[in-house]
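There are 2 protein chains.
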Amino acid sequence: MNEKLWSRVVITYVEPQVNGGRWPIRRSVGQSVSVTVGAIVDGHDMLRAECHLVLMDENSGVFPLTLRYNDEYTGCFTPPSIGCYTYRACAWIDRFGTWQEEFARRVKGGAAEPEILVELRTGADLIAEVAELATGADRSALHKAAKALESGHTEPAFEEELLALYRRHDPKTGAAWSDDRLLVVDRKLATFAAWYEFFPRSSGAIGHGTLDDAAARLGGIRKMGFDVVYLPPVHPIGTTFRKGKDNSPAAEAGEPGSPWAIGSGEGGHKSVSSALGGLEAFNRFIKRANELGLAVALDIAFQCSPDHPYVTDHPEWFRKRADGSIRYAENPPKKYQDVYPFDFTCADFPALWEELKSIFEFWIERGVHIFRVDNPHTKPFAFWKWSLDALYKEHPHLIFLAEAFSRPKIMAHLATLGFNNSYTYFTWRNSKAELESYFEELTKSELAEYFRPNLWPNTPDILHDYLAHGGRAAHLVRFALAATLSSVYGVYGPPYEHVVHRQHPDREEYADNEKYEVRIWNWDDPTSLQPFFRRINRIRKENPALHGNRSLQFLPTTNPQIVAYIKAESENIIICVVNLDPRQIQECTVDLAATALPEGFQLHDLVGGERYFPAGTVHFVRLDPNIMPVRIYRVLSRTVTEADFDYYA
Amino acid sequence: MNEKLWSRVVITYVEPQVNGGRWPIRRSVGQSVSVTVGAIVDGHDMLRAECHLVLMDENSGVFPLTLRYNDEYTGCFTPPSIGCYTYRACAWIDRFGTWQEEFARRVKGGAAEPEILVELRTGADLIAEVAELATGADRSALHKAAKALESGHTEPAFEEELLALYRRHDPKTGAAWSDDRLLVVDRKLATFAAWYEFFPRSSGAIGHGTLDDAAARLGGIRKMGFDVVYLPPVHPIGTTFRKGKDNSPAAEAGEPGSPWAIGSGEGGHKSVSSALGGLEAFNRFIKRANELGLAVALDIAFQCSPDHPYVTDHPEWFRKRADGSIRYAENPPKKYQDVYPFDFTCADFPALWEELKSIFEFWIERGVHIFRVDNPHTKPFAFWKWSLDALYKEHPHLIFLAEAFSRPKIMAHLATLGFNNSYTYFTWRNSKAELESYFEELTKSELAEYFRPNLWPNTPDILHDYLAHGGRAAHLVRFALAATLSSVYGVYGPPYEHVVHRQHPDREEYADNEKYEVRIWNWDDPTSLQPFFRRINRIRKENPALHGNRSLQFLPTTNPQIVAYIKAESENIIICVVNLDPRQIQECTVDLAATALPEGFQLHDLVGGERYFPAGTVHFVRLDPNIMPVRIYRVLSRTVTEADFDYYA
């Protein structure tokens with residue numbers, strides 16, 4: 000037994016925590032952390048508590064925690080910058096506070112003078128002790144108070160100023176500390192961003208486009224309000240077992256192949272296809288994006304076409320079949336002969352892992368700081384932990400989007416390893432009940448502490464029946480849901496904005512899929528959804544309520560086809576009401592009773608521009624999918640000025 | 000990077016766990032642990048999992064876990080004996096199982112012969128590898144199968160027997176292990192016991208009784224079906240500031256004082272009051288209890304009367320006031336001048352702590368293995384951790400009941416430190432809503448893993464208004480609730496069985512409290528509740544459903560004055576229905592729809608003896624508090640024999 004090894008105070012838990020504190024929570028710059036701590040002590044002493052935030056062994060803040068009830072202490076802090084923090088709670092006995100409180104009870108209970116005098120001396124001793132730790136005016140004031148108490152003056156025993164002075168110099172003897180908890184803070188773009196995906200080769204006006212054609216599209220994309228442009232792989236494409244139109248097993252002459260069949264005699268993961276203009280054109284593309292304030296996300300698919308230089312230079316990095324041939328990707332009976340997966344467990348795995356990590360580093364050097372990682376769930380978790388830890392250490396502003404359309408625990412685990420953006424099941428959650436239960440899980444469970452849903456209504460791999468059969472209204476609905484249910488979302492742009500939704504006959508995929516062919520789009524089509532994209536993205540940018548997901552709360556409606564939800568950030572309150580039926584007019588009342596709306600309010604529809612003045616806490620809505628199935632209300636007080644009415648003119 | 004340091008498999012969580020695995024879960028002998036494990040792997044491989052139970056570095060069992068759904072594996076084990084265990088989960092890739100499953104898909108998908116032959120060689124290699132690890136017939140069978148596969152025979156590729164053989168010798172290469180989780184297994188009495196508290200000095204027929212008088216009561220107590228007799232402190236009582244009748248500040252001459260004012264010139268915590276017959280009488284008491292199969296629980300109150308030998312021998316163990324006098328117990332403005340608390344943080348605390356621990360050891364040597372610890376929440380948690388760990392190490396069959404009527408987090412924390420029985424808020428939970436919500440918390444939350452509710456309808460300190468004003472019916476109700484809601488309960492017997500319930504005018508306490516005076520009870524009063532106690536305790540013993548709390552489920556009733564609940568253990572099913580209104584007849588229907596009752600059943604009331612044959616899943620009940628407000632049904636199948644009808648004749 001050693002007195003230094005125990006404290007009368009015990010911290011019983013610290014929240015938030017993920018998996019008992021084993022994994023970090025994540026925030027982005029500007030987002031706060033609400034901490035809840037259980038702290039107890041034997042007997043009747045009062046405690047004080049605080050939270051310490053530490054960045055790289057440097058204390059970067061101490062935040063007070065205050066007693067809520069039942070031995071639970073709460074507080075809030077906002078980490079000052081990007082980085083990997085630890086936070087820990089600390090609690091100690093408030094000796095003078097406890098003394099003052101007990102002394103007041105004694106006096107109130109009619110204690111006799113001898114008892115009062117003895118207790119005043121106890122108080123004096125406490126004050127005299129901290130006086131020794133203080134300097135200047137504080138020291139003098141403490142000594143003076145100690146003397147007053149010592150000589151029988153009761154006034155200081157009730158002074159809040161004296162308590163504050165004591166607390167300022169309290170040595171916090173016997174303080175208890177919690178375990179360290181981990182916190183990673185990302186750049187803001189990790190939690191607030193609108194992504195736009197397109198194929199550079201389909202960005203020309205005629206034939207196979209280049210990255211210069213793609214660069215010419217960036218102005219239009221920026222104008223629509225997007226923050227990130229995401230490109231499928233731009234590397235040379237293999238010819239062996241090249242896939243043809245609509246994933247046919249053999250390409251015809253002149254067919255371009257899938258960009259995910261990476262590598263040819265021209266080069267591999269560190270090369271840019273000459274058909275796209277090569278690395279020079281890529282550099283120009285990055286430069287143009289930078290000028291426009293657009294971030295570029297690159298697709299990282301750790302797999303090779305049979306023609307990839309790795310296959311000949313490093314056959315040891317691939318798994319062999321019993322006959323000695325390299326094992327291509329398959330999920331029996333399906334075969335992907337144009338793709339060789341790496342063998343991450345091969346004998347020489349350290350060299351392979353280093354090489355793969357260097358692919359990220361190669362593109363980081365060329366100005367790419369966002370990566371959409373293809374199928375991370377088919378590579379060892381240990382590889383991601385190792386490589387992402389190393390990459391973040393050098394480049395803490397990176398963003399990694401996990402394309403793991405896998406089972407829930409696998410998706411969650413990838414997020415804990417450092418994928419700070421994740422694809423979700425949103426693409427398949429189309430009914431009101433599905434949306435409500437899924438987003439309750441994403442925003443209210445432990446997942447909300449580390450899993451960042453990046454919502455996509457479509458991808459080159461997925462065209463859901465809802466979009467395929469719901470036409471323009473369905474496209475408006477799903478885009479608005481993605482953009483407002485999560486602060487991060489993305490769209491595979493060209494077919495979506497042109498409301499092209501013909502499905503492949505056998506699969507929930509686009510027909511004439513751009514993965515296998517070059518398409519030409521009319522970027523200036525006046526009937527496209529570009530103005531809608533622009534409107535929605537502007538609403539997002541101008542309303543802080545849509546910059547995070549924690550405040551999300553679904554609102555009861557009287558119609559199962561209409562979903563309604565509210566998000567708030569300080570004074571900014573947004574209510575979205577969406578008719579999920581793309582074919583028929585639906586109407587309902589939305590129950591606003593559970594919300595904390597200001598007394599007397601109006602709803603200003605930022606999509607349609609109309610104003611509504613609900614009577615009471617029930618609001619009637621009628622939504623015609625052929626006109627506009629979506630309303631995004633900003634809640635305004637009734638005393639709003641004329642300028643506010645013109646908010647969205 | 001070192002291949003031994005990473006596994007493709009990851010265990011994402013193991014449940015049960017308390018506070019992220021920091022604190023142990025508790026069971027008693029015979030109780031099982033249901034384990035749930037999350038385990039994932041990259042790609043499409045199948046996993047197998049198991050749970051290892053380790054007692055003192057010795058493997059004491061390996062239990063299979065089976066996939067439930069969504070990467071969650073479950074299993075159940077029953078630890079073989081008392082002790083401190085760790086348990087940990089392990090998961091690995093089922094290589095041959097995965098191969099068989101993929102091979103079947105290949106064949107079903109119409110794979111060509113060359114592909115089949117290549118894959119058969121892969122399967123043969125797997126089998127040949129484990130054949131090397133097997134011996135005898137298994138080795139031969141494996142080698143034979145490997146050869147068959149090698150030479151192109153597909154039959155073994157579909158054999159479950161071969162898979163079982165492979166799994167038996169699977170080297171489980173690259174298995175992932177979870178952290179260790181802690182499990183403490185107590186003796187059965189820690190989870191199934193009926194306690195009876197009485198004051199030995201009030202057990203005589205005339206004047207101050209002795210432990211020999213108390214020993215003479217033990218037969219009657221055993222006959223009522225109790226398992227544990229709990230005695231308030233039996234030590235010499237101080238005279239300085241001795242309290243008089245009903246806690247009056249000064250005792251009259253001849254008043255006996257409170258047993259909790261421990262210590263006098265006669266001795267302290269290791270002595271027995273001469274008025275009770277001294278240590279010799281105590282030894283005879285223990286001997287008699289042993290003969291009857293009754294366990295004895297002693298009260299341990301770590302505090303001293305001013306006359307305790309410790310006060311003069313070890314003044315350094317007590318806190319001083321500023322005037323140098325020893326600080327008596329107080330909660331301003333209340334003063335307890337007859338009690339000096341120890342200063343657990345004094346400079347010489349190691350000596351104090353050792354001495355206090357030795358008090359437990361002293362009584363353990365004299366045959367006491369159960370301790371009811373007075374106010375543990377006013378002593379440092381670190382002291383309990385240190386002393387209880389040491390005591391359990393030598394005496395793993397001990398039981399410690401924490402008398403901490405404190406705040407929830409403090410009560411919970413004491414349970415995690417080793418108090419394997421705890422007083423609860425049951426005493427104050429009298430309405431149906433209060434009972435339902437409190438017992439949901441106790442039996443369904445994390446608390447159920449370590450906090451053992453020991454329910455007391457009354458104590459010498461507490462006579463709730465419900466009992467004080469509800470008369471005999473209230474006493475029946477609260478006793479039956481305590482005895483059936485929890486497998487461990489206790490009663491402060493004498494006033495309860497005699498339905499003596501006169502309250503102190505100022506407090507929810509008994510008037511003429513036995514804490515301050517000697518009472519004489521008529522142990523043979525034919526109107527006492529002794530037969531009821533006996534009936535209820537017999538029902539408890541004969542029905543395993545009442546030996547645990549995890550199965551507790553409340554049943555909907557149509558009357559807020561009637562509470563109903565079900566408990567089950569294998570075939571044994573018990574349903575309790577209690578009218579909480581001690582004054583008026585109440586009736587209702589009980590909804591049995593949510594229970595899994597056997598098709599066609601009867602309800603046999605083990606209290607009243609009647610049989611009921613509910614039609615459907617709704618059962619009508621009418622309960623007259625003046626007759627019997629409680630029914631405890633055993634669920635019997637309709638095909639029950641005549642002998643079963645006489646179950647409680």
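Just so you know, the protein sequences line up as chains S and E, in that order.
Every letter in the first sequence is one number past the one before it in numbering that gives the first Met the number 0, and letter 616, counting from 1, is 615.
Every letter in the second sequence is one number past the one before it in numbering that gives the first Met the number 0, and letter 420, counting from 1, is 419.
Just so it is clear, CB atoms sit at the ideal spot from N, CA and C, and this is done for glycine as well.
Computed from a predicted structure; not experimentally measured.
At the C-beta level, Leu400/S and Ser421/S come within 8 Å of one another.
Contact of Val589/E with chain S is not assigned, every C-beta pair being separated by 8 Å or more.
DSSP, read as helix, strand or coil, puts Val606/S in coil. Here DSSP, grouped into helix, strand and coil, assigns Asp185/E to strand. Beta-bridge analysis with DSSP links Gly82/S to Val184/S. With the criterion set as a beta carbon lying under 9 Å from some beta carbon of chain S, the segment 288-316 of chain E has no members that meet it. Contact check between the segment 283-303 of chain S and the segment 366-376 of chain S: three or more CB pairs, one atom from each, fall below 8 Å, which counts as touching.
When the alpha-carbon of Leu66/S is set against those of Gly37/S, Leu554/S, Pro543/S, the nearest one is in Gly37/S. A Cβ of chain E is located within less than 8 Å of the beta carbon of Gln16/S. Here Ala614/E carries a coil assignment [DSSP, helix/strand/coil]. At a beta-carbon threshold of 8 Å, none of the residues of chain E lie near Arg67/S; the nearest stands roughly 12 Å away.
Relative to the Cα of Met45/E, the nearest Cα in the group Ser27/E, Ile24/E, Ser80/E, Glu100/E belongs to Glu100/E.
Residue environment: Cys75/E is assigned as exposed (fewer than 16 neighbouring CB atoms within 10 Å of its CB, all protein chains considered).
Assignment of Gln529/S by DSSP, reduced to helix, strand and coil, places it in the helix class.
Beta-carbon to beta-carbon, Val32/S and Ile92/S are separated by about 26 Å, too far to satisfy the 8 Å threshold.
Here Leu579/E really is in contact with Asn429/E; their C-beta atoms are around 7 Å apart, less than 8 Å.
Counting other Cβ atoms within 10 Å of its Cβ, Ile220/S reaches 16 or more and is therefore classed as buried. Taking each of Val498/E, Pro63/E, Phe553/E, Leu141/E in turn and checking the Cα distance to Ser527/E, the smallest one comes out for Val498/E. Boundaries of the beta strand (DSSP E) around Trp194/S: 192-196. With fewer than 16 other Cβ atoms inside 10 Å of its own Cβ, Asn289/S counts as exposed. The segment 586-602 of chain S makes no contact with the segment 6-19 of chain E: fewer than 3 CB pairs, one atom from each, lie closer than 8 Å. The three-state reading of DSSP puts Ala175/S in strand, counting E and B together. For Tyr86/S, the closest of Gly489/S, Ser177/S, Gly253/S, Tyr488/S by C-alpha to C-alpha distance is Ser177/S. Per DSSP, the unbroken beta strand (DSSP E) holding Tyr564/E starts and ends at 561-568. Taking a beta-carbon distance threshold of 8 Å, Ile409/E counts as an interface residue toward chain S. Against chain S, the beta carbon of Phe380/E has neighbours under 8 Å at Arg7, Val9, Ile39, Asp41, listed in chain order. Contact check for Lys356/S against Ser386/S passes: the beta carbons are separated by less than 8 Å.
Judged by DSSP in its simplified three-state form, Gln601/E adopts strand. The three-state reading of DSSP puts Asp298/E in strand, counting E and B together.
No Cβ-Cβ contact shorter than 8 Å links Leu125/S with Phe102/S. Residues of the same chain with a CB within less than 7 Å of the CB of Ala144/E, apart from the 5 flanking positions on each side, are Ile126, Pro155, Leu161 in chain order. Inter-segment contact for the segment 213-227 of chain E and the segment 450-464 of chain E is absent: fewer than three beta-carbon pairs are separated by less than 8 Å. Residues of the segment 93-104 of chain E with a Cβ closer than 7 Å to any Cβ of chain S, in chain order: Glu101, Arg104. Each residue's CA atom was taken as its position, placing His474/S and His268/S some 34 Å apart.
Of all residues in the segment 239-251 of chain S, none comes within less than 8 Å of chain E when Cβ atoms are compared.
Taken atom to atom, the span from the alpha-carbon of Arg630/S to that of Thr35/S is near 36 Å.
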